[in-house]
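Note that the working numbering gives residue 73 to position 65 of the sequence shown, counting from 1, and the numbers run on in steps of one. Here is the structure we will look at.
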Amino acid sequence: MILSDKKILEAIEQKNIIIEPYDKSCLGTNSYDVHLGKTLAVYTERMLDAKKHNAIEYIEIPAEGYIIQPGTLYLGVTEEYTETHHAVPFLEGKSSVGRLGIDIHATAGKGDVGFCNNWTLEISCVQPVRIYAGMPIGQLIYFMVDGEIENFYNKKQNAKYTERTNKPVESMMWKNKF
């Protein structure tokens with residue numbers, strides 16, 4: 009079951025959902041709008057290796073915007089820091105962003121209960137598009153969890169994305185054993 013605006017507000021009041029900064033005008037009927045942060049990242053090599061740490065370089069989005077290009081994966085980040093303690097957050101792109109030919113995530117649209125951080129975005133586009141820091145980029149949708157949680161993400165010893173940051177985080181696939 010998806011949380012309504014009233015249920016999202018209740019969860020915020022009970023500190024089961026935390027959004028910083030919070031702006032009530034971003035609360036939709038059953039979602040909360042999030043915005044693009046000021047930093048992008050790109051991998052320094054064109055060929056990536058899943059078993060190795062792949063280096064990234066950061067790009068600050070200037071006031072006049074930054075033109076993203078097809079064929080490049082850009083890691084972005086939300087302006088908003090979020091915590092979700094009793095619901096499962098899903099991040100989806102806004103329809104207006106999709107209509108510009110921008111995807112904001114390749115596969116990582118679901119957060120885990122206990123995820124506490126800004127969201128890293130996997131941004132790609134089908135044609136060149138100028139993007140801006142602060143633009144609405146996505147919306148968080150919250151699903152109820154049925155049953156007790158035993159293994160919160162932020163408490164897991166092997167969780168790879170728990171260090172708080174307002175910058176995009178590169179893949180940590182290399183930390184897995186395979």
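Every residue gets a Cβ at the ideal spot worked out from N, C-alpha and C, and that includes glycine.
- Query: If you draw a straight line from the alpha carbon of residue 130 to that of residue 21, how long is it in whole angstroms?
  - Reply: 31 Å
- Item | N- and C-terminal bounds of the alpha helix (DSSP H) containing residue 13 | 13 to 21
- Message: Taking only three categories from DSSP, how would you classify residue 84?
- Response: strand
- Message: Could you tell me which whole beta strand (DSSP E) segments of length 3 or greater appear in the stretch 94 to 145?
- Response: 95 to 101, 124 to 133 and 137 to 139
- Buried/exposed call for residue 52, threshold 16 Cβ in 10 Å: exposed
- Task: Taking only the alpha-carbon atoms, compute the straight-line gap between residue 64 and residue 75 and give it to the nearest angstrom.
- Result: 18 Å
- Query: To which residues does DSSP link residue 10 through a beta bridge?
  - Reply: 151
- Task: Quick one: measure Cβ to Cβ for residue 42 and residue 145, integer angstroms, because I've assumed they're closer than 8 Å.
- Result: 6 Å
- Return the Cβ separation of residue 90 and residue 27 in integer angstroms, given the expectation that the two are a contact with Cβ distance under 8 Å. 5 Å
- Do the CB positions of residue 10 and residue 150 come within less than 9 Å of each other? yes
- Query: Quick one: what's residue 191 bridged to in DSSP?
  - Reply: Any answer about residue 191 is impossible in this case: the structure gives the chain only from 9 up to 186.
- Query: Just checking my contact of residue 128 with residue 176 at CB under 8 Å: how many whole Å lie between their CB atoms?
  - Reply: 5 Å
- Task: Would you mind sorting residue 14 into buried or exposed? The rule is 16 or more other CB atoms within 10 Å of its CB.
- Result: exposed
- Message: For residue 186 and residue 165, I'd like the C-alpha separation in whole angstroms.
- Response: 18 Å
- Taking the continuous beta strand (DSSP E) assigned at residue 40, which residues delimit it? 40 to 43
- List the endpoints of the continuous beta strand (DSSP E) containing residue 161. Residue 161 -> no beta strand (DSSP E), and no H or E assigned at all.
- Message: Quick check: what's the CA-CA separation for residue 137 versus residue 110?
- Response: 8 Å
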